[in-house]
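Asker: In this note's numbering, the protein residues as written are -9 to 250.
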Amino acid sequence: MVAAAKLRSVQTLQENSRPFAIGLQDFFKTMDEVEAATKPDASDEASGSKSRFVIAVTSDRGLCGGVNSSIVKKVKAMIGEAPDVNHAIMLLGDKGRDGLSRVHGKSIILSFKDVFKVPVSFPQVCLIAEDILSRDYDEIVLVYNEYISVISQEVIQKPIVGLKALMESAEAFDEYEFDSDMDSAQVLVDLFEFQLATQIFNALLENATSEQAARMSAMDSASRNASDMLQTLTLSYNRQRQAAITQELSEITSGAAALE
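(1) What whole-angstrom Cβ distance do residue 115 and residue 190 have, given they're in contact under 8 Å?
(2) Taking the continuous beta strand (DSSP E) assigned at residue 127, which residues delimit it?
(3) Enumerated in chain order, which unbroken segments of the alpha helix (DSSP H) with a length of 4 residues or greater are wholly contained in the region 77 to 120?
(4) In whole angstroms, what separates the C-alpha of residue 235 from that of residue 198?
(5) List the endpoints of the continuous alpha helix (DSSP H) containing residue 241.
(6) Between residue 138 and the rest of its own chain, which residues show a CB-CB distance below 8 Å, the 5 nearest in sequence each way excluded?
(7) Along the chain, where does the alpha helix (DSSP H) that runs through residue 148 open and close?
(8) Assess, as a yes-or-no matter, whether the region 36 to 56 is touched by the region 196 to 213 under the definition of 3 or more beta carbon pairs within less than 8 Å.
(9) Which residue marks the beginning of the beta strand (DSSP E) containing residue 42, and which one marks its end?
(10) Which term fits residue 153, buried or exposed, when burial requires 16 or more other beta carbons within 10 angstroms of its beta carbon?
(11) How do the region 56 to 70 and the region 83 to 95 stand: do at least 3 beta-carbon pairs fall below 8 Å, yes or no?
(12) I need the DSSP call for residue 5, collapsed to helix, strand or coil.
(13) Output the distance between the C-alpha atoms of residue 93 and residue 158, rounded to the nearest integer angstrom.
(14) For residue 118, does the count of other Cβ atoms within 10 angstroms reach 16, so buried, or fall short, so exposed?
(15) From residue 95 to residue 121, what distance separates their C-alpha atoms?
(16) If residue 129 and residue 149 are in contact, beta carbons under 8 Å, what's the gap, nearest whole angstrom?
(17) Exposed or buried, which one is residue 85 when buried takes at least 16 other CB atoms within 10 Å?
(18) Our contact map puts residue 83 next to residue 105 with C-beta atoms below 8 Å; I'd like the distance itself, whole angstroms only.
(19) DSSP on residue 71, reduced to helix/strand/coil?
(20) I need the straight-line Cα distance from residue 228 to residue 215, nearest angstrom please.
(21) So, for residue 53: in the same chain, excluding its five sequence neighbours on each side, which residues have a beta-carbon less than 8 Å away from its beta-carbon?
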């Protein structure tokens, strides 16, 4: 009951956040250069990426199935497939640190724990996005679990083109009219920061929803297994008890017959 209530609570936030993330992603894809750079199957050679900033979203607690291990496995595979790319890793959530620090400890430059101790807010995520933009990376990649259903979550690797590459395509925004004194480049910087914060915020909510769903399923499965084990042990106990009673009755009967 408690797990179901937590799931409903975070799922409402996730459902409200997803349309904003999808809308902004689609908006940036209107630029042909950005669309080519942000295709999920784009190779490093195609995107010209020499440095990559990986944001891995995990949970702060365990007992939630393969939610955390799947993220660690995905990040390791992604780094292994691009050995010539300089990777930097930001961990949002405590559980990803143990799995990645053994092999890629030098690549972890930021790590946050107790992220979900209190409900995450958009202003907090904006501070994270601002810090990321102060660093010069060709590509930003979000790795998180996307919520599909209570029994199904999918690991998502979402590339976001870096600001430097985006500025090279700023002329694609010339077709838009801005009701502001700022030039299109400054508007693009502000819009990109908002888009990055929105994508991170949505990834946190998607992963939190997946975590609660996986935990509820894991606890439900554990409860069923415990119930089945209890029934099996009870049946075994009753059989042994009945066998002992039968043996004692047989011995008493045999003893009485011998005395006669």
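Beta carbons are placed, not taken as given, at the ideal position from N, Cα and C, and that holds for glycine.
Answerer: On the basis of the data shown:
(1) Taking the Cβ atoms as the reference, residue 115 lies roughly 5 Å from residue 190, within the contact range of under 8 Å.
(2) Element bounds for residue 127: n/a, residue is neither H nor E.
(3) The qualifying runs are 85 to 94.
(4) Our two residues, residue 235 and residue 198, have alpha carbons roughly 54 Å apart in a direct line.
(5) Residue 241 -> alpha helix (DSSP H) spans 174 to 249.
(6) So the qualifying residues of the chain are 144.
(7) Bounds of any alpha helix (DSSP H) do not take in residue 148; it lies within the beta strand (DSSP E) bounded by 142 to 151.
(8) Because the criterion of three Cβ pairs below 8 Å is met, the region 196 to 213 and the region 36 to 56 touch.
(9) For residue 42, the enclosing beta strand (DSSP E) has its first and last residue at 41 to 47.
(10) Buried, by the Cβ-count rule.
(11) For the pair of segments examined, the region 56 to 70 was found to touch the region 83 to 95: the number of CB pairs separated by less than 8 Å reaches three.
(12) Look at residue 5 here: in three-state DSSP terms it is helix.
(13) Spanning the two alpha carbons is a distance of roughly 35 Å.
(14) Classification for residue 118: buried.
(15) CA-CA distance, residue 95 to residue 121, rounds to 20 Å.
(16) That pair is a contact at about 6 Å.
(17) Around the beta carbon of residue 85, a 10 Å sphere encloses 16 or more other beta carbons of the protein chains shown; the residue is thus reported as buried.
(18) The Cβ separation is near 5 Å, so the contact holds.
(19) Residue state, collapsed to three classes: helix.
(20) CA-to-CA, the gap between residue 228 and residue 215 works out to about 20 Å.
(21) Cβ-Cβ distances below 8 Å link residue 53 to 205, 208, 209 in the same chain, with the five nearest sequence neighbours on each side left out; the list follows chain order.
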